[in-house]
Amino acid sequence: MKEFNWKGVDLNLLVAFQALYQSSSVSLAAERCFVSQSAMSHTLQRMRTLFDDPLFERVGSKMEPTQHSQDIAPVIDQLLANIKNDLLVKKHFTPSSYAGVWRIGLTDYAEQLFAPLLYDAIKRESPNCQVSFYNVNRSNYVEIAESESLDVMIGSIENLNRRFLSEHLYTEQHLCLFDPSAVKVSEPMSIESFVALEHALVSPDGSLQTQVDKRLAKLGYERRVGVASRNFLTIRRLLLGRQLVCIVPKRFAEMEAYTHDLKALESPVEIPDFDIRLLYLKASQHEEKNRWIRSVVSDTVRQ
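Okay, so the sequence shown: first residue is 1 according to the UniProt record's numbering, each after it adds one.
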């Protein structure tokens, strides 16, 4: 087997690759690496020679990664993380003396349910730290996790990006929520009563249709969606005093602070459950600090 020629391999090329991959911009990558734009352009040419691939191609104002870049990016991330954590920084993590910032990404659902609990649990063991919560969703979690250096995220996020790992926390169910002073229905709620009411909708992406509408269509029914919001607190305020009904996660319906003056009933339509997961960058999986925060978050959410 022919011996590999290591002379052309420069660790700085991997650092530059990571900066380009994350920023999609030669100028921004140059700023991150503290070099001039022309120097970064020269580095890109060296990378192309080393990997025998264009790596990044200009599309409009962005430098888009080739398929080969997408394939090797997780490997480079892991390699640089290993060098940093195993070779350059080797310190035992002590929560009680940690004075840094925990950056936690939460969907709107997860933030309403868990932010106070997580704050208390973290501060009990890490009293000198700060906690910063970031709003994430299915469309922005990759960008925010990387740009803000998030430690972990919680939410219902499917089709996970290859650079992340996840841990199942629990499976969520649904209930119908309404203001009993404004909505008069018999119990259990019939499907006819359900579709006769106007519906409020929690919609992270702004869509006015969900799996509920598909289920209803199969049964020969159609509902009227009158209003949608990404925010659960907005939906709660809309339900008060109005002839509206909303399908909400069961944990919300069981939270007194959220359902005060409102009533929850079983839905007459079978609604698919959804999984709540803990997400984190694959490159962080072996970090002692990240393992600690994952453990605290997991224990808190599952209790």
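The C-beta atom is built at its ideal place from N, Cα and C for all residues, glycine as well.
On a predicted model such as this, the values are computed, not experimentally measured, just so you know.
* Beta-carbon proximity of residue 40 to residue 29, cut-off 9 Å -> yes
* Asked: How big is the Cα-Cα spacing for residue 64 and residue 20?
  -> 9 Å
* Reduced DSSP category for residue 177 - H, G, I as helix; E, B as strand; rest coil -> strand
* To do: Starting from the C-beta of residue 110, find all residues in its chain whose C-beta is less than 6 Å away, skip the five residues before and the five after it, and write them out in chain order.
  => 154, 155
* Please state whether DSSP places residue 1 in a helix, a strand or coil. => At residue 1, the pLDDT of 46 sits below 50, so the modelled position is not reliable; the number obtained from the coordinates is stated separately. Residue 1 falls in the coil class under three-state DSSP.
* Span of the beta strand (DSSP E) holding residue 211? -> Not the beta strand (DSSP E): residue 211 falls in the alpha helix (DSSP H), residues 211-218.
* Asked: What residue range is occupied by the uninterrupted alpha helix (DSSP H) comprising residue 289?
  -> 288-302
* Relative to the alpha-carbon of residue 97, which residue among 270, 126, 76 has its alpha-carbon at the smallest distance? -> 126
* **From 92, 17, 49, 50, residue whose alpha carbon lies closest to that of residue 292** => 92
* To do: Using a threshold of 9 Å, state whether the C-beta atoms of residue 276 and residue 170 are closer than that.
  => yes
* Where do the ends of the beta strand (DSSP E) carrying residue 63 lie? -> 62-65
* Asked: For residue 135, does the three-state DSSP call read helix, strand or coil?
  -> strand
* Asked: Exposed or buried, which one is residue 174 when buried takes at least 16 other CB atoms within 10 Å?
  -> buried
* To do: May I ask you to report which of helix, strand or coil DSSP gives residue 285?
  => coil
* Asked: By how many angstroms is the C-alpha of residue 278 removed from the C-alpha of residue 298?
  -> 7 Å
* Using CA coordinates, which residue listed in 142, 130, 104 is at the minimum distance from residue 157? -> 142
* Find the nearest neighbour of residue 193 within the set 201, 206, 228, 178, judged by alpha-carbon distance. => 178
* Backbone secondary structure at residue 266 - three-state DSSP -> coil
* Quick one: what's got a C-beta closer than 7 Å to residue 95's C-beta in the same chain, skipping five residues either side? -> 125, 126, 292
* Beta-carbon separation (whole angstroms), residue 105 vs residue 129, contact threshold 8 Å -> The Cβ separation is near 17 Å, so there is no contact.
* beta-carbon residue 302 near the ligand HEM non-hydrogen atom, thresh 8 Å -> As for the ligand HEM, it is missing from this structure, which has no ligand bound.
* Cβ separation of residue 246 and residue 202, assumed to be a contact under 8 Å, to the nearest whole Å -> 7 Å
* Reduced DSSP category for residue 25 - H, G, I as helix; E, B as strand; rest coil -> coil
* Residues bridged to residue 153 [DSSP beta-bridge criterion] -> 105, 279
* To do: Please classify residue 199: is it buried, with 16 or more other beta-carbons within 10 angstroms of its beta-carbon, or exposed?
  => buried
* To do: Measure the Cβ-Cβ separation of residue 284 and residue 176 and say whether it is below 9 Å.
  => no
* Asked: Does the distance from the C-beta atom of residue 251 to that of residue 152 stay below 9 Å?
  -> no
* Where residue 191 and residue 271 are concerned, what is the direct C-alpha to C-alpha distance, given to the nearest angstrom? -> 13 Å
* To do: Would you mind reading off the limits of the beta strand (DSSP E) that contains residue 247?
  => 244-249
* By DSSP, does residue 168 sit in helix, in strand, or in coil? -> strand
* Should residue 132 go down as buried or exposed, given a rule of 16 or more other Cβ atoms within 10 Å for buried? -> exposed
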